[in-house]
Structures are given as C-alpha cells and as structure tokens.
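Engineer: This is the structure I have questions about; it appears just below.
Number of protein chains: 4
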Amino acid sequence: MKDIQSQPDSRRINIKKVGVKDISYPITVLDKAKTVQRTVARVNMYVNLPHQFKGTHMSRFVEILNRFHGNINLKSFHSILDAMKNRLQAEEAHMEIEFPFFLKHRDCGAAMAAISEYSCKMHGSLDKVDDLILTVQVPISAPSPIQSNEGLPKSLGRWGIADVSLRFSHFIWIEDLIEMVENITCHDLSWHDEMDTSGDSLSVEDMTKRLSKKIADHPHISWFSVTVENFSKNYSTFATLEWPAEGDTFRHWPTERQ
Amino acid sequence: MKDIQSQPDSRRINIKKVGVKDISYPITVLDKAKTVQRTVARVNMYVNLPHQFKGTHMSRFVEILNRFHGNINLKSFHSILDAMKNRLQAEEAHMEIEFPFFLKHRDCGAAMAAISEYSCKMHGSLDKVDDLILTVQVPISAPSPIQSNEGLPKSLGRWGIADVSLRFSHFIWIEDLIEMVENITCHDLSWHDEMDTSGDSLSVEDMTKRLSKKIADHPHISWFSVTVENFSKNYSTFATLEWPAEGDTFRHWPTERQ
Amino acid sequence: MKDIQSQPDSRRINIKKVGVKDISYPITVLDKAKTVQRTVARVNMYVNLPHQFKGTHMSRFVEILNRFHGNINLKSFHSILDAMKNRLQAEEAHMEIEFPFFLKHRDCGAAMAAISEYSCKMHGSLDKVDDLILTVQVPISAPSPIQSNEGLPKSLGRWGIADVSLRFSHFIWIEDLIEMVENITCHDLSWHDEMDTSGDSLSVEDMTKRLSKKIADHPHISWFSVTVENFSKNYSTFATLEWPAEGDTFRHWPTERQ
Amino acid sequence: MKDIQSQPDSRRINIKKVGVKDISYPITVLDKAKTVQRTVARVNMYVNLPHQFKGTHMSRFVEILNRFHGNINLKSFHSILDAMKNRLQAEEAHMEIEFPFFLKHRDCGAAMAAISEYSCKMHGSLDKVDDLILTVQVPISAPSPIQSNEGLPKSLGRWGIADVSLRFSHFIWIEDLIEMVENITCHDLSWHDEMDTSGDSLSVEDMTKRLSKKIADHPHISWFSVTVENFSKNYSTFATLEWPAEGDTFRHWPTERQ
C-alpha cells in the first residue's frame, strides 16, 4: 500500500517542533512584595526533533515539569529549558506559560476596589543563548465622569485592552509593568477633556504611540511590541507598534527635529 | 438506606435526556424582508429515553437533521420534533439551535455603519403540546457623545449585553424584537443627560425594568425573561427579571396607582 | 418621551436575580491530604432584589468577597452567603464558584503520569435553609490496549467526559468522588473485551446507568445528576440521568424483580 | 541611553499594523460542485499605517467589506486587498478570513453519515505582490474496530487534529485538500494492525511525516506547514513540519538513498 522506498529521509527532513501543549498546571509567581503568588498556568513545552526521537519520549516533558513542580517561575525558567535540551538531546528548547496574575488595588475605571486580574505570558527559549519574552495584557475601561453614591467611578464598560510584550536586560516586576501601562491608560478625566474636542486621544493609534513612548524610555527594556485594541459592539479596532522593528538600524527612540 | 444488592431497573429508572449536541450545521432563517438568510447553527437534539433504546439509534437524530437539510427554520421546527418523537418512539423531543443573525443597519453606538451580529437561540420541545422559546442577545455600546470627523459616533467600548427570552402567541420577527430592545438601549445622548445627574439610568436594574416594561406591553408575548449585563474590567454586574414568574397569578403588567 | 405614570411598580414586580458574575478570584481548597490547594476560581454572587436596591450597592458583593479573601472554601460557604443576605437585605443569596482541581496520580488512559485537572463547581444558596450542589467533571480517555516502550498506555484520544452533580448529607471529599467515577470509567481492557462483542459498554446510556448505580449506592449522597458525553469528530452524543427525579416518590434505588 | 525629552516622531516610528478584527460576516465559498456555499466568517483587515492616518478612517475597512458583501471569496481576495491599499493609501494590506466549511460525506471514524465541519482560514496579503496562505483543519477520530448494529463505525472519541497550511501555484479545491489529508488519517483498520505491534503509526511525528510526504508530492503546492496534534485527557502532544523551511535551498522532497 505505501512505498517503503519513498519514505521521507529523517536525516534531511527535520520536524520543526515536537512537544506537549495545553497542560494546565499550578505554578508560583514571586510578588514584588516578596510573597509567593500561587496561580494556574497553561503550559506548552517543545523542542526541535532530535534524531531517533520516538513519540514515547513525550512523557519526558511532563517528567521534567513534575520535577520542578512548585518551583516553576521566572527564575527556574533557564534550568527547565536546560533540562529539556539535555533529556531530549535537542538543539533548541521552548517553554510557554500563560497565567492570570492578581493585583489587589483600586485600579482606575473599576466600579469598585477589587482584586484585578491580568493575563500574563512568558515565552522562554534556549539554543546557544537564552531568550525570554514577557507579555502582560492590561484591560482598559470606558472613560467615566460619573461618581457613584459611594464615591466609586461607575463602569461604562470595556473600552479595550493593551497587550505589551517585551525583552528586558534587567529583571522587571510584572507589577511595575502594569503600573507603567495603567499610568497611560487610566486618565479618564483628561480623556474627557480631549473628547470634547476631537476624541482623538482615544484612538488606538494614539494610545499605542503614547504607550510605546513610555516603554521606550525604560532603561531595561531592549525590545517591545505594543498592541492596543478598542472594542466596538461587533468587532474591534487595533494598532500594533514594534520597536526596534526588524531591519531597524537605529537603537534609540527618535526625537522630533527642533 | 439503599439495597446494595440492587441492580438498576431500566423499567423504572429512565434516562432523562439522550441525544446529540454541538452539531455545527448550516441553516436558513426567513428574513422579515422575505429573503432567506443563510447562517450556521449549533444544534442539540435530544429525547427522553424510550424503552429498549440502543446507542446505535443515535444516528437517527442526524438522519432526521439531514432530511430537513436546507429547510431548518422556525416553520419546520414542529415537523422535526414530530419526526424525532416518532422515529425514536419518545414521549418528549427537544431541539435547540443557536446561530448568529445578521442585520445591516446603522445601529446606535457602532463606530460605523456595519452588518451587526446578534446571537439567537430557539429551543423547541414537543410532548403533548408544542413549546418554543426564542432568545436574542443584543449588545449594548458604551454611551458616546463624540461625533467623528466622518459623522459617525466613536466607539467608547462595550457597555454590556441584553439577553431577552420569550414565548409568543403569534409569530414575531427577530428584527422587530431587536428593534424593540435597541429602542431602549440606544439613547446615548439621553443617557448622558441623566448621567450628569445620577447615572442611574445606566444601572442594570433600571435597564432591566425599562426593557421588561416595553416587552410586557407587546400583545403577542405571553412570557419573557430579561437579563441585562454590564461589563466591568474584571467582572460583570447583572440583573434578571422574569414575567410572569412562577407562581404569578396576574397576567397583566402592573401600573402605578394614581 | 416615556410615560412616567406607567412605570413598573417595584412593589409588585421584583427582579429575580441581581449581582456580579465572572469574577476571577484566587481561592483555597482543602485537600483530603489535609494540605491546602490554591487554585483560581470564577465566581458569581447574586441575590433577589431587595426593595430600594440601588446599583451602587453592587460594590458590596466584592467587599464581602474580599473580606473572605484567602478563606473561600466549602467550609466558609455558609458564612459568605449569610453575609450577603444581611449586607444586601436579601431574602435569598447565591454563590457559584468554578475552579480547576488538581490530583497527582497515574490515572487510567493518561499517556503518562501527570497532574490531572478536574473542573469542579460549587453552587451554594441560602434562604431559610442552606443548599449546596457539588459538581465534578471527569474526562474519559479513549480505551487503549497499547503499552508504549516505556510501559505507559498510549493515548488514543478523548472519548468523552462524565459530569456528576450531587447533594450530600455528610461531607464528601472531591478526591473520593473522582475516584468513584474513575473506577467505572477506566476499565480500558474490560472495555476492549466487550468491544469485541457488542461495544455497548461504551454507549453513553450504559455508562450513565453504571455511574448512577454506583453513586446511588453511596450512603451520603441524597440527590445526583449524571451526564456522560461521548465526543465524535463533529458533535457529541450524551445521556443524562437524574435521581431522585422531580416527582419521584420513592427514595431508594429500585431493585430488579426476581 | 534614551532621550527623556524626546517625542515619538511619526515620520520615523511607523505603526506596524492598524485595522479592524473579529468582524463576524456572512461570506460565500465556491464549491467544487460549482455550487455556492454560504457560511459565516470571522474577518480581520489591517494595513501598515499610512502617514496622516486618523482613527476615523477605520470606517473605511468596513465600507470596503460591505462593498464586496455577498462576493467575498478566494476570487475577490485580490480586489479587496487592492481596494484597501488604495482607499487607505497603504503600502501593504492584509485580510484574514476564518470560516467553517461543510462537506456532506460519510467520513471515516464518524459514528454516522453526517455533514462534516472543517475549520478553514485564508490569509491574503498584498504589497508589491500577492500572497495567499490557505489553512484547513481536519479532525482525526480515535481508531475503531467496532461496527455498530447499523453498520456504522462506533466513535471511540477524538484522537486529534491535523492542521495544514499551504501556498499554491495553481488553485486547489478545499475539498481536494481535505480528501488528501483524510486519505492518510483515516486508515483505522491498518492503524489497528500496526497498533498490535508498536502503535508507532499513531505517533504525531509519524503522522506529520506521512502527511508531509503526501502534500510535498502535490505539483501545485509550493510551501506547506503541517501540525498534527494528539489529544490526551489533560493536554496534547504535537509535531510540526514546515517545508521548504526558511533557509532550505532544495525544492524537492528527498528520497532515501538506495
């Protein structure tokens, strides 16, 4: 039925990725407050296919995950990737973890003080060198001039979301990143001032550029991609800015010519 | 308390529901404009378990669905349920179809003229008598005073959603139901007037009662349930009103005593 | 525009439910191993609408949730519901929490030893009396005769899921409930024996009845509903059995007539 | 390192993408049977940010979509992209449409003859030249030796899914692509023969290579990426093969040396 002679030659055709995905797993994240936050992550682990790889080796991914159980966080990322490379004789190892991160603070636009949830993601990879991309999604409320009887801003709904991915040269706390973003996205009243004129300050392009400017100023961030999404009833509008973009030669944020 | 020796007696322990679910299926919906709108539905079909039922009989559900292929709509609902009862020798038959319904109109709060999508659901059942519940979900935009350069309202995000379920004594067009709901939910500017005072007109309870009053006035609606949901950043607030509620004896909407 | 005289009369038309929903919140669940398992729940809290209720009172739901922060579990359910009744002057209070529960064990059908995830739900309500319904979803693997080179069963995919809801007269550990279900759903080889003959042991009706029989035998379970779902490529088949069903007068599982 | 005084210079920092996303929209797909299949797509449209772009221009994306209403398909893709480039003065235009495609056939592994659903995606882009990537997802059933009383194979659940993306030099029918994939993924009985020995024929790597070999043989396919995913209870295993991979110089699939 199938021609044995014409089987693909594994010496030349390599599988690009092989691994496990969508593992729901409890993890710990170190708070800036030095306390350990326990949350639940969705984990993907994969490598480039080593020669002689057999499917049964899949169990090794989960063995490694279980070995680090209770100690899966930003600091152990390198050790896990290293164990994957060795145990699976791979040239390249990847791990992606996605998890809800919780902050208890009166954030702008919330109808009440609450524990806010932020979706976070870390994508670590290791071949010759380490690489780590941190992503945080910060929801943006509809601007509101209203104060409720109990003095809390009244929710006018969901304006959209800011998605920030970055590489850093020195460790950055997730809390600090969230605060940096919310400092831009939470100026409800100033929004309203401008709204009365043009409303342009609410455009996804403007918001994307304002966020990018802020992030580019951070001394420890070497690369970032910002996407701002504005929800309409039946669809969304969005803008994405990446910097430095591929092919960019300059490595500093440009200044206006005077 | 219970007889450990006992074996379930299929003559006395009946399975409550058995059937197929989550079938993705193309259907047609008749427009008020007398044109046929083709969309894709998610279909559930189930019956109470007839005696001697065997699992292999499951194929009969899909046989029936295929027999009505291209002719699945409000009008053929009874025939399909009837076929299910007969073919499966059941005392009771149910079919639920959920589908996106499209309206091309400049709806309030949309940042631009567009084809609006409304999630609709029909749940038909047949034992001795027919029963049909129609559900429509109408998204609600954040109120916006802003006119863009092109004269379209600018989206300030998603305020929430109105979910209306009802039984009717005479046929009601989905379009008319949507219009009835949007007449209440779309008064952006009037919202803003009131917002400056109390903002109460934006509360889910108030919106639920205003919608209920409107729907209760419709001569052909014999029962309804209204849920209004307001999105905050990390959660939602909601209110539900059902009328007549179980146990309600009166069948007319009350008016204030003068 | 709107007739003030014809406003609904809040003395007679009551809102059925009002509250908050879809709050993502960290909670703790007590293990049978007496250790505390930290996970993340989706929380809904609602009451019947008390007279003079104002939307701004919504913040009280989250205030209560925050007050119990770090102590939200089966044992504190009653206290939270009680606080809701009092703080919101409601006649009836409800809280639903849904969360992933993790068990580390070599479960049947898993391609490797792993931490297994089970979706759990608790729905507590309080009017005059307490009521609590516990729901656990147990995934079912496709039966597999294969042993991999490393001696682990090879995954042949997802057969379906068993959804068990129950009320208990005495506390039941989630672990014990899961074990009770998996004792029925995990007999891969016995399945295969029967498969060679009829395969009926894999029908959703048969599986539902076998699970129901087992659960009905438990002395501390006063009511249950079992749904078994079998995944096909494009849809699912399912069967549901509830016992005692509404209207059932007998309270013991029937025995075969000899 | 960075000039704090600096302001972003829109002449040099360009937004990478701006547009609309998640528009639910009715579309038509031409069948191989020369009949028009109507389905519902999720549409994304975006361009690189032209100079002087204003957010209010967002409405132009939907204007273009509405202009092609009822005529959105593979053939009109170029015209839509061209209209986007011109109307928005962009150097680069992208449109992604994702939709369920229906085939009525007795497919392998289905518990009964049914209308099968396949998730399809088209990503078209236009700068100087056209580019189009077609993606089809083909579900894979768990292998089953069982024949039901009605002679239909009994579902043993969902084994996984094959995700095939490709570029073609000549038009390829979606139906032909699906058939090509199912010819590989549907040999239930042959699977069982091999399963008794090693079961390796069910590994994601083996399935990925067998599919790649088949697709590479097609004269009209210039590039492809194949991912095969196998569902376990709590996670998935997967393998991805892309060919020609970046940097590959040869353009023919290698054969074993004799």
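Residue numbers (this note's numbering), protein chains in the order written: chain S, 1 to 258; chain C, 1 to 258; chain U, 1 to 258; chain G, 1 to 258.
Where is the CB? At the ideal position from N, CA and C, for every residue including glycine.
(1) So, Ile-27 of chain U versus Ile-115 of chain U, is the Cβ gap smaller than 8 Å?
(2) Taking the straight line between their C-alpha atoms, what separation do you get for Asn-66 of chain G and Ser-165 of chain S?
(3) Is Ala-142 of chain C helix, strand or coil when you go by DSSP?
(4) Quick check on Lys-75 of chain S: buried or exposed, where buried means 16 or more other Cβ atoms within 10 Å of its Cβ?
(5) Within 8 Å of any Cβ in chain G, is that where the Cβ of Leu-241 of chain U sits?
(6) State buried or exposed for Lys-209 of chain C, treating a residue as buried only when at least 16 other CB atoms are found within 10 Å of its CB.
(7) So with Cβ pairs under 8 Å, would you call Asn-234 of chain G a contact of chain S?
(8) Which one of U:Tyr-25, U:Lys-21, U:Cys-186 has the shortest CA to CA distance from Gly-70 of chain U?
(9) Would you kindly report the start and end of the unbroken beta strand (DSSP E) that includes Ala-245 of chain U?
(10) Of all the CB atoms in chain G, is at least one closer than 8 Å to the CB of Ala-41 of chain S?
(11) Beta-carbon of Asn-71 of chain C versus every beta-carbon of chain S: anything under 8 Å?
(12) Give the residues from the region 156–177 of chain U that approach chain S closer than 9 Å (Cβ to any Cβ), ordered along the chain.
(13) Evaluate His-94 of chain C with the Cβ neighbour count: other Cβ atoms within 10 Å of its Cβ, from every protein chain shown; 16 or more gives buried, anything less gives exposed.
(14) For His-94 of chain G, list the residues DSSP reports as bridge partners.
(15) Tell me where the alpha helix (DSSP H) around Leu-81 of chain S begins and ends.
(16) Would you call the region 167–184 of chain C in contact with the region 126–145 of chain C, where contact means no fewer than 3 C-beta pairs closer than 8 Å?
(17) I want to see whether chain C comes within less than 8 Å of Phe-224 of chain G, judged by CB atoms only; does it?
(18) Of all Cβ atoms in chain U, is any one closer than 8 Å to the Cβ of Asn-230 of chain G?
(19) Select from C:Leu-241, C:Ile-174, C:Ser-203 the residue whose C-alpha is nearest the C-alpha of Phe-102 of chain C.
(20) Looking only at C-alpha atoms, which of S:Lys-21, S:Asn-14, S:Asp-31, S:Thr-39 sits nearest to Ile-172 of chain S?
(21) I'd like to check one pair, Pro-100 of chain G with Ser-119 of chain G: are the Cβ atoms closer than 8 Å?
(22) Does Asn-234 of chain U pass the burial test, meaning 16 or more other C-beta atoms within 10 Å, or should it be called exposed?
(23) Under 7 Å from any heavy atom of the ligand GTP, does the C-beta of Gln-89 of chain S make it?
(24) For Val-323 of chain U and Lys-214 of chain U, I'd like the C-alpha separation in whole angstroms.
(25) Measure the Cβ-Cβ separation of Ser-225 of chain S and Thr-240 of chain S and say whether it is below 8 Å.
(26) Look at Tyr-46 of chain S and Val-18 of chain S and say whether their C-beta atoms are less than 8 Å apart.
(27) Closer than 8 Å, CB to CB, is Tyr-46 of chain S near chain U or not?
(28) Using a threshold of 8 Å, state whether the C-beta atoms of Thr-39 of chain G and Val-40 of chain C are closer than that.
(29) Could you tell me whether the Cβ atoms of His-170 of chain G and His-220 of chain G are closer together than 8 Å?
(30) Give me, in chain order, the residues of the same chain whose beta-carbon lies closer than 6 Å to that of Asp-131 of chain U; leave out the 5 immediate sequence neighbours on both sides.
(31) Out of U:Ala-83, U:Ile-133, U:Asn-230, which one is the CA nearest neighbour of Trp-159 of chain U?
(32) Determine, using beta carbons only, whether Lys-21 of chain G and Asn-48 of chain G come nearer to each other than 8 Å.
(33) Name the chain U residues whose beta carbon is nearer than 9 Å to that of Phe-102 of chain S?
(34) CA-CA distance, Asp-127 of chain C and Glu-92 of chain C?
(35) Closer than 8 Å by C-beta to Arg-42 of chain U: which residues in its own chain qualify, once you throw out the five before and the five after it? Chain order, please.
(36) Could you confirm whether any beta carbon from chain C is found closer than 8 Å to the beta carbon of Gly-151 of chain U?
Structural biologist: This is what the structure holds:
(1) no
(2) 34 Å
(3) coil
(4) exposed
(5) no
(6) buried
(7) yes
(8) U:Tyr-25
(9) Looking at the DSSP string, Ala-245 of chain U is not in any beta strand (DSSP E), and its letter there is neither H nor E.
(10) no
(11) no
(12) none
(13) buried
(14) G:Tyr-46, G:Ser-125
(15) 77–87
(16) yes
(17) no
(18) yes
(19) C:Ile-174
(20) S:Asp-31
(21) yes
(22) buried
(23) Ligands in the displayed structure: none, and consequently the ligand GTP is not present.
(24) What is shown of chain U runs 1 to 258, which leaves residue 323 of chain U out entirely.
(25) yes
(26) yes
(27) no
(28) yes
(29) yes
(30) Ser-125
(31) U:Asn-230
(32) no
(33) Ser-24, Tyr-25, Pro-26, Val-40
(34) 4 Å
(35) Asp-22, Ile-23, Ser-24, Tyr-25, Ile-97, Glu-98, Phe-99
(36) Only weak support exists for where Gly-151 of chain U lies, its pLDDT of 42 falling under 50; the value from the coordinates is given anyway. Chain C contact via Cβ: absent.
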